[in-house]
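Structure, as structure tokens:
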Ligand SMILES: Nc1ncnc2c1ncn2[C@@H]1O[C@H](COP(=O)(O)OP(=O)(O)OP(=O)(O)O)[C@@H](O)[C@H]1O
Ligand SMILES: [Mg+2]
């Protein structure tokens, strides 16, 4: 094996019970290369990463390692919330008598600086659990950078990063590549892959279908065809599905928001999808108010002519609010319940129905068919699902409820290109039934394609202006939100 080879794997297999996650996978990873690992939801990417990082063992196949130093950034965050940022970052490397707080703090500063977070809100002494999701993801990445590994496996590291943070991460990845480190990047965003990766390996149903192809030699349409086995109409699921008409808001229907400090008012008619653009703070504080989580009354809300001040998320859900958290592992999934209960939990709250009724099984089946997870055993625990399939279960939760308002935080996070298209259509149909949808995303292009209007937030978290999506573009949005 050449000295440049970090991993060479042939014919790798792995099953979970009757599920064949990897059937025949080959992959070769070299030093000084950013290697994209691509595939639809459930294709086997995370399973392969688990094996390459030696967190799990394959059932069969031959794997040769040219290094022992492999670090991994997991798809679902593996942050220890009670520990400080410095402890989280140095936990694997600084142990025993050599560990001092000062060293850990210095090392933390060093890697955060690399990620452009040197003087930001993430401090070595910050308790990790108090950070926002994208900041936790940065800590997780910083831990991998700090490990001194020769091979770094990044499983959807950009899923909750802002555009700005993603840009900085990519600069770091390029610098590591120049030092001869090998990198594997999983992402469902083809434009990101094109920005940084050199080569791609594509998995479909647990098999390698594209083996180490240079990205300069293969176009998106070919990659997507290999990924799904069929041609897709549009790469990246970018269907222009703007609301054709924006109904006039009326004071007795829809949602009316007033931000007291800036005086900004937003009147949303039923059936509209409003995009929220900018770093997470601003949208998060609006969502907290609507969810009844925040006592701070920066926002006033009126829904269907009545003041909206729920005392708790449960009260908000009973009054017709739906919510998909961006932090699905911590706030979305109930790991001790079955997949079926996870999909049905909002119905239970609203209708106080038992979960064992046959109608419920019927409802879950219908949702699974609509969202493309019919193959899943819904009585199993959610940990058996791939990241993207879990996201679909969380979406299913709100599909057949009498909703007034639906809050979405990055709902397509981790969802593959094909399902994204389905999801856009599904949310559009939901909106057309009269629901007000507030959709926060770090992907401006997604907001431009799905919403009729966009509320842009400044980096300080204040709402700034409401723009019609037909009269704006990506560059203008970036300018307004300061997220260049
Ligand atoms: N612990 C587990 N128990 C049972 N089945 C599992 C387990 N982990 C993964 N699987 C199954 O293995 C298959 C591959 O899953 P994997 O998580 O590797 O997909 P993925 O390519 O990472 O998808 P995604 O893009 O959605 O993250 C899926 O069918 C999944 O349900
Ligand atoms: Mg995965």
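Numbering (this note's numbering), first residue to last: 11 to 494. Here a beta-carbon is modelled for each residue, glycine too, at the ideal position from N, C-alpha and C.
Rounded to the nearest angstrom, the Cβ distance from residue 471 to residue 292 is 4 Å, consistent with a contact under 8 Å. Assignment of residue 28 by DSSP, reduced to helix, strand and coil, places it in the coil class.
The C-alpha of residue 162 is placed about 24 Å away from the C-alpha of residue 215. Secondary structure at residue 291: helix, using DSSP grouped into helix, strand and coil. For residue 385, there is no enclosing beta strand (DSSP E), as DSSP marks it with neither H nor E. Residue pairing from DSSP places residue 75 in a beta bridge opposite 17. In the DSSP assignment, residue 275 falls within the unbroken beta strand (DSSP E) covering 275-278.
Shortest Cα-Cα distance from residue 378 to any of 354, 153 and 12 involves 354. Secondary structure at residue 331: strand, using DSSP grouped into helix, strand and coil.
Counting along the chain, no alpha helix (DSSP H) covers residue 467; the unbroken beta strand (DSSP E) around it starts and ends at 463-467. Contact annotation: residue 24 and residue 68 have beta-carbon atoms nearer than 8 Å.
Judged by pairs of C-beta atoms under 8 Å, the stretch 329-340 touches the stretch 399-411, as three or more such pairs exist. In the three-state reduction of the DSSP assignment, residue 224 falls in the strand class.
Rounded to the nearest angstrom, the gap between the Cα atoms of residue 227 and residue 144 is 33 Å. Annotation for residue 397: the continuous alpha helix (DSSP H) segment containing it runs 397-406.
In the three-state reduction of the DSSP assignment, residue 134 falls in the coil class. Inter-residue distance for residue 85 and residue 164 is about 8 Å (C-alpha atoms, whole angstroms). As a beta-bridge residue in DSSP terms, residue 212 pairs with 48 and 220. Pairing residue 279 with residue 390, the inter-Cα distance amounts to about 40 Å.
The criterion of a C-beta distance shorter than 8 Å is satisfied by residue 349 and residue 403.
DSSP places residue 166 in the coil class of the three-state scheme, outside both helix and strand. Comparing C-alpha distances from residue 221 to each of 398, 323 and 237 shows the shortest one belongs to 237. Around the Cβ of residue 266, a 10 Å sphere holds 16 or more other Cβ atoms; the residue is buried. Taking a 10 Å sphere around the C-beta of residue 344, we find fewer than 16 other C-beta atoms and assign the residue as exposed.
Counting only runs of 4 or more residues that sit fully inside the stretch 420-455, the alpha helix (DSSP H) segments are 427-442, in chain order. Going by DSSP, residue 111 is part of no beta strand (DSSP E) but of the alpha helix (DSSP H) stretching over 111-124. Non-local C-beta neighbours of residue 475 in its own chain, meaning closer than 6 Å and more than five positions away in sequence, comprise 466, ordered along the chain. Counting along the chain, no alpha helix (DSSP H) covers residue 314, and no H or E run does either.
Between ligand 2 and the CB of residue 295, the shortest heavy atom gap is not smaller than 7 Å. Within 7 Å of the C-beta of residue 397 there is at least one heavy atom belonging to ligand 1.
Per DSSP, residue 192 is one residue of the beta strand (DSSP E) stretching across 192-196. For the options 473, 78 and 448, the alpha carbon positioned closest to that of residue 461 is the one of 448.
Per DSSP, the continuous alpha helix (DSSP H) segment holding residue 181 begins and ends at 173-188.
Straight-line measurement puts the Cα of residue 189 at about 36 Å from the Cα of residue 490.
For residue 181, the Cβ stays outside the 7 Å cut-off from all heavy atoms of ligand 1.
A distance below 7 Å between beta-carbons, with the five flanking residues on each side excluded, links residue 57 to the following residues of its chain, in chain order: 24, 31 and 32.
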